[in-house]
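Chains as they are written, first to last, in our numbering: chain A, 1 to 206; chain B, 1001 to 1206.
Number of protein chains: 2
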Amino acid sequence: MSESTPLPIRERTRRLAQTELTSVAQDLFVAQGYDGTTVDQIAAAAGMSKRTFFRYFPSKDDLVIGKYDLFADRMAEALDERPADEPIWESLRRVFDTTLDYVQDDYQRARNEAMDEIVRSTPQLYARYLEKMQRVQQLLIGRVAGRLGARGDDPSDPRPAAIVGAAFACMQAARQAWFASDRSDTFGDYLDVAMKTIQLSERPTA
Amino acid sequence: MSESTPLPIRERTRRLAQTELTSVAQDLFVAQGYDGTTVDQIAAAAGMSKRTFFRYFPSKDDLVIGKYDLFADRMAEALDERPADEPIWESLRRVFDTTLDYVQDDYQRARNEAMDEIVRSTPQLYARYLEKMQRVQQLLIGRVAGRLGARGDDPSDPRPAAIVGAAFACMQAARQAWFASDRSDTFGDYLDVAMKTIQLSERPTA
DNA sequence: CCTTTAGTGACACCGGGTGTCAAGTGTGCG
DNA sequence: CGCACACTTGACACCCGGTGTCACTAAAGG
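Right under this line is the structure:
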C-alpha cells in the first residue's frame, strides 16, 4: 500500500524534464530556426548531455510533433461520445471542436502558434505532421466504418476513409484559411464554411 | 544551329545515370529494405562513389519519391484542359484519370507496385509522400479558386482547399481500398465509389 | 551499511548529407 | 597540335542525428 505511487514518482520528474526540454528548445528554435539548432545545444541549454536528451525524446522531431499524439485518442473518444444516430458529417464536425479547446488555451497560445509556424515552415516537420494526422484518421475510419452498416468493416470499402479524409481536408483548409485571415472570425466559423461546402451523398442503403 | 542540342547532351547522360541508380536501388530495397540499404551500397552497385550519388539525387528519399513531382504538372495540365463549365468535382475526377495511365503502364507495373509498397511501409517515405501530395494540391487549389468566382482567389476562403483536399482524400481512400481488394474491380471503379459518396453543396451564389 | 537498480555522462560508432580540392575528361580555339 | 577551359568525378574531412556500450552515481530497500 505504501507503494501507491510506484511509477508516478519517477514518471513525474520525467515529464518535468520533457517540458523543460521543450521549453528550452522552443526558445532556441524561434531564435535560430529548427535546422539551425542542434540537439547538443538543446541538451546543453537544459543542462544535460545529448545522450540524455534521446532518453527523453526518441528524436528531435518528436520534441515538436510528439504532442499531436494526444489528438488521436482525444478525437477517438470524442467521436465515441457522439450519439450513434447523428449524421456522421455532423459528428465529425463536433469532434473537431475538441481541437478548438486546445487552440483556445490562452496562456500558451502564442507559444503554440510559434511552434505551429515552425512545423509549417519546416518541410521535414510538416511531412511528419501530415503522417501523424493520417494515423489519427485511421483511428476514426474504423469507427466510421462501424456506423456505415454491414459492409462497414470491409477494408476494401473506400467510403469510410473517403469521408474521414474529406473531413480532415476541410479542417486543414479551414486551418490554412484562418491563418491567412485577419482573425476577425473564429476558427470554428471557417470550419463551418469549409465543411458546409461538402455534403455526403444519401446512403445507397444497399 | 549546329548546337541545336547544347544542354541535352549532358542532360541525357544525367538522366541515364539517374535511371540506372534508381533501378539498382530498387533491387537493393526489395532485398534488404529501405533502411537496411545504405547510400554507399547503392552507389557502389552503380559503380560510383557516395559523393557522386548525391550529385544525381539531393537525398536518398528523392530517389524513391522524386518521381511524384511529375504528377503535379501533369495534373495541373489535365485540369486546365477540362471545360470551364464542367462541375469541379467531375473535373477533378477526370484529372485523376491521368493517374490511371501511370498505373496502367504495364512493363514496369510490378516494379512500381513494389516501390509503392516500400513507400507505404516506410514511415519516413510515407510522410514525404504525403507532403508531396499536399504540394500537388496547392497547384490545383489555385485553379479551383479561379473557377469559384470573385472571392475565389481570396486566400482566406477555405472552400477551394476543402474541395481539392476532399478529392485527394477520395483518391487516397480508393487507393487504399483497391490495394486491400482482390483486384477484380479496377482502380477507377473504386475511385468512382469514393467520389460519389461526396457531393459539393450548391454554390451559395453569394 | 551494503546491495540493487535506474539514470546519467563519456565515448565510440553508424549513416545521411555537404564542402573542398585535386585529378580526370572532354570541347573549343589559337 | 597543343593549350585553356568547363564540367564531372572521387577522395577526404567534416557535421549532425541517432544508437550501443560501459562505468559512475545516487537513491531505494533490506
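C-beta atoms are modelled at their ideal positions from N, C-alpha and C, and glycine is treated no differently.
Excluding the 5 residues flanking it on each side, Trp178 of chain A has same chain C-beta neighbours closer than 7 Å at Phe187, Tyr190, in chain order.
Under the 8 Å criterion on CB atoms, Leu200 of chain A is classed as interfacial with respect to chain B. For Ala1017 of chain B, the CB contacts under 6 Å within the same chain, skipping 5 residues up- and downstream, are Tyr1056 in chain order.
Within chain B, no residue has its beta carbon less than 9 Å from that of Val119 of chain A; the closest one is some 12 Å off. Contact annotation: Ser91 of chain A and Leu79 of chain A have beta-carbon atoms nearer than 8 Å. Identification of chain B residues near Leu130 of chain A by a Cβ-Cβ cut-off of 8 Å yields Ala1127, Leu1130, Glu1131, Gln1134, ordered along the chain. For Thr22 of chain A, the number of other beta carbons within 10 angstroms of its own is at least 16, and it is reported as buried. Within the same chain, Cβ atoms closer than 8 Å to the Cβ of Thr52 of chain A are found at Ala43, the five residues on either side in sequence being excluded. Within the same chain, and ignoring the five residues on either side of Thr1013 of chain B in sequence, no residue has its Cβ closer than 6 Å to its Cβ. When secondary structure is reduced to three states using DSSP, Leu1148 of chain B falls in the coil class, being assigned neither helix nor strand. Look at Pro1158 of chain B: its C-beta is under 8 Å from a C-beta on chain A.
Annotation for Glu113 of chain A: the continuous alpha helix (DSSP H) segment containing it runs 109-121. Within chain A, Ser156 have C-beta atoms less than 7 Å from the C-beta of Ser1181 of chain B, given in sequence order. From the beta-carbon of Pro1123 of chain B, the residues of chain A found nearer than 9 Å are Arg128, Glu131. Within the stretch 1067-1095 of chain B, no residue has a Cβ lying closer than 7 Å to any Cβ of chain A.
Of all alpha-carbon atoms in A:Arg74, A:Lys196, A:Lys67, A:Gly36, the one lying nearest the alpha-carbon of Arg15 of chain A is that of A:Lys67. Nearest CB-CB separation between Ile1163 of chain B and chain A: below the 8 Å threshold.
Residues of chain A with a Cβ closer than 9 Å to the Cβ of Val1193 of chain B are, in chain order, Asp157, Pro158, Arg159, Ala162.
At a cut-off of 8 Å between beta carbons, Ala1145 of chain B makes no contact with chain A.
Put simply, of B:Pro1160, B:Ser1156, B:Arg1175 the residue whose alpha carbon is nearest the alpha carbon of Ser184 of chain A is B:Ser1156.
Nearest CB-CB separation between Thr1099 of chain B and chain A: not below the 8 Å threshold. Distance from Met195 of chain A to Val136 of chain A at the Cβ level is roughly 17 Å; contact not present, criterion being Cβ atoms closer than 8 Å.
Straight through space, the alpha carbons of Leu1139 of chain B and Pro1160 of chain B are spaced by roughly 11 Å.
For Thr197 of chain A, a Cβ of chain B is located within less than 8 Å of the residue's own Cβ. What Gln26 of chain A touches in chain B, judged by beta-carbon distance under 7 Å, is nothing: the nearest beta carbon there is about 22 Å away. Within 9 Å of the CB of Tyr34 of chain A, no CB atom of chain B is found; the nearest one sits about 15 Å away. A Cβ-Cβ contact shorter than 8 Å links Asp40 of chain A with Lys50 of chain A. According to the DSSP secondary-structure assignment, Gln1199 of chain B is paired through a beta bridge with A:Gln199.
The CB of Ala1173 of chain B comes closer than 7 Å to the CB of Pro158, Ala161, Ala162, Gly165 in chain A, given here in chain order.
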